Amino acid sequence: MVIGTPLQQVVSGQAGVFTQFHKKRKAMTVGQYRDLANSKKYRTPPHVNFEDLERKYWKNRYFGSPVYGADVSGSLFDENTQHWNVGHLGSLLDLLKHNAAL
Numbered sequence: 001m002v003i004g005t006p007l008q009q010v011v012s013g014q015a016g017v018f019t020q021f022h023k024k025r026k027a028m029t030v031g032q033y034r035d036l037a038n039s040k041k042y043r044t045p046p047h048v049n050f051e052d053l054e055r056k057y058w059k060n061r062y063f064g065s066p067v068y069g070a071d072v073s074g075s076l077f078d079e080n081t082q083h084w085n086v087g088h089l090g091s092l093l094d095l096l097k098h099n100a101a102l
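Listed below in structure tokens is the structure:
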């Protein structure tokens with residue numbers, strides 16, 4: 001599977017006023033994206049707990065530019081997988097139909 005247009009989220013600004021834009025990167029395979037995510041620059045930093053991890057995220061957010069594999073059709077999950085499957089996210093309307101037995 002190929003991620004056609006990975007997006008790099010770039011932040012700039014100062015004195016509490018920031019802007020962000022998405023920079024298009026060249027296409028990459030899911031395997032290349034996995035390697036990028038596991039690289040020293042992008043992998044989850046050592047942390048004591050989730051509060052520590054969140055603090056590190058916001059402290060370094062201005063200096064790092066995350067890369068997103070957005071707008072990829074298809075799924076890495078089997079059709080029967082219900083959790084973590086973006087093909088089965090559902091919507092508020094789905095919940096209303098289910099609860100109202102429509």
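Residue numbers for the sequence shown follow full-length UniProt numbering, beginning at 1 and rising by one. All residues carry an ideal CB built from backbone N, CA and C; glycine is no exception. This structure is a prediction, so every number in the text was calculated from the model and none was measured.
Nearest Cα to residue 80 within the set 89, 31 and 11: 89.
Sequence-distant partners of residue 68 (beyond 5 residues in either direction) whose C-beta falls short of 6 Å from its own C-beta, in its chain, are 7. Shown here, residue 22 sits in a strand according to DSSP, grouped into three states. The closest CA to that of residue 56, considering only 44, 66 and 29, is found on 44. In the three-state DSSP reduction, residue 13 falls in the strand class (E or B).
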